[in-house]
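Residues -15 to 297, numbered by our numbering, are exactly what the sequence shown covers, in order.
First up is the structure itself, then whatever we jot down about it.
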Amino acid sequence: MPDIERGVKLCRKTNPDIIIAVGGGTVIDIAKLLRICSVNDATPDEIATGTGKIERAGPPLVAIPTTAGSGSEATHFAVIFKQQQKYSVAHQFVQPDFAIVDPSLTYSMSERQTAVCGLDVLCQSIESIWSVGSSRESRTWASEAAHLVLANLVGTVRAQDEKCRESMSRAAHLAGRAINISKTTAPHALSYMLTTSYGIPHGHAVALTLGSFLEFNAEVSEEDLNDPRGVHHVREMIGDVCSLLGAHNPLDGRRALVDLMGSIGMETRLGPCGIERATDCARIVETVNVERLSNNPRSTTKAQLTQLLEKLI
-15 MPDIERGVKL CRKTNPDIII AVGGGTVIDI AKLLRICSVN DATPDEIATG
35 TGKIERAGPP LVAIPTTAGS GSEATHFAVI FKQQQKYSVA HQFVQPDFAI
85 VDPSLTYSMS ERQTAVCGLD VLCQSIESIW SVGSSRESRT WASEAAHLVL
135 ANLVGTVRAQ DEKCRESMSR AAHLAGRAIN ISKTTAPHAL SYMLTTSYGI
185 PHGHAVALTL GSFLEFNAEV SEEDLNDPRG VHHVREMIGD VCSLLGAHNP
235 LDGRRALVDL MGSIGMETRL GPCGIERATD CARIVETVNV ERLSNNPRST
285 TKAQLTQLLE KLI
């Protein structure tokens, strides 16, 4: 929030003709918020909490990502943290007017950055496929993005291959376009506390529970269904995810995700990441974003979420 407030003062003082954001998802999100906060009467705090109106768009915004991760250049929402509390600002004026996706700008990413960002792309893609908010269009983009990640992430991390990096940049942008329609689901909802309280990088934090939710969502029934398109639709989407992973069933799909994480040097359990006790799991569940849980195809209880996390310790 302090970065936003300082930026708003600068924008109001200089009255820029255009805003150009060059960086990762955080940089682009800050630029999105500067764009709207600098020209509207509502304070950044009011806009973040949804109590202030967004009535004007602000100057044109160009987003130039330097990571293959968030896909923020393609979305109409931005994330802001205030005292470790996450807020999401969603509005048509938040979306950049132009995006320049140049894979060469990602060449300086370290192996770990590449792995973490790539996992974020994969999680966005898979969640977008099973999301309650998905459409045929979003699933098409999400499926292509997931296919590109699964075919290129290991090569990007291990060999720093330029062709693989090009594919990963395309995947990140397509995943951004997908979640711009569908939004994310339970793995993202659980991830934010893992990042703010335990220092687990975002993409890794989401990936830690993705396989577990693949199995969890596959067990959807009429009693706990969130998606109005029905149980058959949800199971069909889970089947599509398994096919992308080269798996015959959700259990094999989870194992494929675990194997992928291991192959790029990422921890697959919560314990080594600092989440070692049942009380830690309960604390994480208490912070979950309810909106994202309602977008998950299967409804959840706090007890179920806590148990899911405990099994990952």
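The beta carbon of each residue, even a glycine, is placed where N, CA and C say it ideally should be.
Checklist entry - At what residue ranges does the stretch -13 to 29 contain a whole run of the alpha helix (DSSP H), taking only runs of 4 or more? => result 9 to 21
Checklist entry - Which residues in the same chain have their Cβ closer than 6 Å to the Cβ of Ala62, if we skip the five residues on either side of it in sequence? => result Asp13, Lys16, Leu17, Val73 and Val78
Checklist entry - Counting Cβ pairs closer than 8 Å, one from the stretch 140 to 149 and one from the stretch 36 to 47, do we hit at least three? => result no
Checklist entry - Three-state secondary structure (DSSP) at Arg40? => result coil
Item to check | Cα-Cα separation between Gly230 and Gly237, rounded to whole angstroms | outcome: 7 Å
Checklist entry - Would the beta-carbon of Ala191 fall within 8 Å of that of Leu137? => result no
Checklist entry - Are Ile222 and Leu194 closer than 8 Å when you measure CB to CB? => result no
Next on the checklist: Please report the distance separating the alpha-carbon of Asp(-13) from that of Ile163.
Outcome noted: 26 Å
Checklist entry - Under a CB-based cut-off of 8 Å, is Asp81 close to chain D? => result In the structure shown, chain D does not exist; there is a single protein chain.
Item to check | Backbone CA spacing between Pro28 and Ala83 [nearest angstrom] | outcome: 24 Å
Checklist entry - Got a sec, what are the start and stop residues for the alpha helix (DSSP H) Ser119 sits in? => result Per DSSP, Ser119 belongs to no alpha helix (DSSP H) and is neither H nor E.
Checklist entry - How many angstroms separate the CA atom of Gly53 from the CA atom of Trp114? => result 20 Å
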